[in-house]
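Whatever position you read off the sequence shown (first residue = 1), add 181 for the working numbering.
Cβ atoms here follow ideal geometry from the backbone N, Cα and C, with glycine treated the same way.
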Amino acid sequence: MKKYALLLALILLPALSQAFLLPTRTILQKTVENSGSGIYAVEQDVEFPNGPETLHLKESWLIQSDHTMRVTVSGTKELQNAIKFQFLYNGGQRSHVIEGHHKSERIPDDFLERFFNFRSLEAFANNLVRFNIIPSHAINKKILPKNSEDIKYDAEKWVRYSRVDGVVTFALGEASNPEQEKQSPGIWIDQDQFVVRKLRLPSQVEVTADNYNQFARNLNYPRIRTVRWGSNSAVIHLISASARPASAASAFQPGSLEVAQKLDGLNNLPAKDAVLEFYSRFR
182 MKKYALLLAL ILLPALSQAF LLPTRTILQK TVENSGSGIY AVEQDVEFPN GPETLHLKES
242 WLIQSDHTMR VTVSGTKELQ NAIKFQFLYN GGQRSHVIEG HHKSERIPDD FLERFFNFRS
302 LEAFANNLVR FNIIPSHAIN KKILPKNSED IKYDAEKWVR YSRVDGVVTF ALGEASNPEQ
362 EKQSPGIWID QDQFVVRKLR LPSQVEVTAD NYNQFARNLN YPRIRTVRWG SNSAVIHLIS
422 ASARPASAAS AFQPGSLEVA QKLDGLNNLP AKDAVLEFYS RFR
């Protein structure tokens, strides 16, 4: 109780009442607590502008953590059998099957799912450090003083309040000037729900996430995500998310890959280049 009384005193100090921000460690820890535990099956529909129409691709994910997951992508309707491929992410490698052979390469730098499927504070923070969003010492534990008179508020210059589509967030990362040609990387976390509302990587790809729902084992996941890069965009709609038993981990072994790459259905489609870039960079 004494620990929380000191923290409350810190929040209520008159001189700081308008400027106090939660420490980075607390923000990230509370966000991780809303990110679920164990393995989940996630079904999504991804929309790409395709001339006068919209191209829909279906993604079937099996996710254990930010670095262990698998996705099967397929076309819909008449393209169901003309577009199909599968990626396995494990041990820092992305594997897939091409012409009957297993191929592995390093997971792309702009792989976005690591920022929506973390399971630990350390993993989440390490990714933010890697992309120069927060400094390496940002989640160091702070020792509270024994007396409230000794409390000192050390502002973290990489944390500030901001709004994303009207929602108040904790913005982590260096503030950017809208007139800058290149914006600073950052992540925006809802101050009430503690979920990721926006992400910007050094490559300038941006993701906004909205309409969060809660699923089994306290997984909070967005119903809608919009990815923007250059002049391109894709909208990800969540169809379902459900918990899976620990035995499902067998699907993360290299030998479990069974779908060979098939991209014939993309030929002559206006969305072809955007789809290929999306799945080579962000998946």
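Residue i beta carbon near the ligand ZN (any heavy atom closer than 6 Å)
i	result
residue 307	For the ligand ZN, the structure offers nothing, since it holds no ligand at all.
Beta-carbon gap between residue i and residue j smaller than 7 Å
i	j	result
residue 446	residue 264	yes
residue 366	residue 382	yes
residue 159	residue 371	The requested residue 159 is not part of the displayed model; the chain covers only 182 to 464.
residue 423	residue 222	yes
residue 213	residue 302	yes
residue 420	residue 228	no
residue 340	residue 353	yes
residue 288	residue 442	no
residue 238	residue 251	no
residue 306	residue 209	yes
Secondary structure of residue i, DSSP reduced to three states
i	result
residue 444	coil
residue 211	helix
residue 266	strand
residue 386	coil
residue 348	strand
residue 319	coil
residue 460	helix
Residue i, buried or exposed, once every other Cβ within 10 Å from all chains shown has been counted against 16
i	result
residue 342	exposed
residue 262	exposed
residue 290	exposed
residue 433	buried
residue 461	exposed
residue 258	exposed
residue 240	buried
residue 314	buried
residue 457	exposed
residue 248	buried
residue 317	exposed
Cβ shell of residue i (< 6 Å), same chain only, five flanking positions each side left out
i	result
residue 186	Note that residue 186 scores a pLDDT of 45, beneath 50, so its modelled location is shaky; the value from the coordinates is reported in the next line. Excluding positions up to five away in sequence, the list is empty.
residue 285	274, 276
residue 397	424
residue 355	365
residue 384	291
residue 299	216, 247, 305
residue 375	211, 212, 215
Residues near residue i by beta carbon distance below 8 Å, same chain, minus five either side
i	result
residue 337	202, 204, 205, 319
residue 431	437
residue 378	345, 346, 348, 350, 369, 370, 371, 389, 390, 391
residue 199	Residue placement at residue 199 cannot be trusted, given a pLDDT of 44 that sits under 50; what the coordinates show is reported in the next sentence. Cβ neighbours of residue 199 beyond the five flanking positions: none.
Counterpart residues of residue i in DSSP-defined beta bridges
i	result
residue 296	In DSSP, residue 296 forms no bridge with anything.
residue 256	238
residue 229	236
residue 307	None; residue 307 has no bridge partner.
Other residues of its chain near residue i: CB distance less than 7 Å, five sequence neighbours each side excluded
i	result
residue 451	231, 232
residue 253	241, 267, 440
residue 435	269, 276, 283
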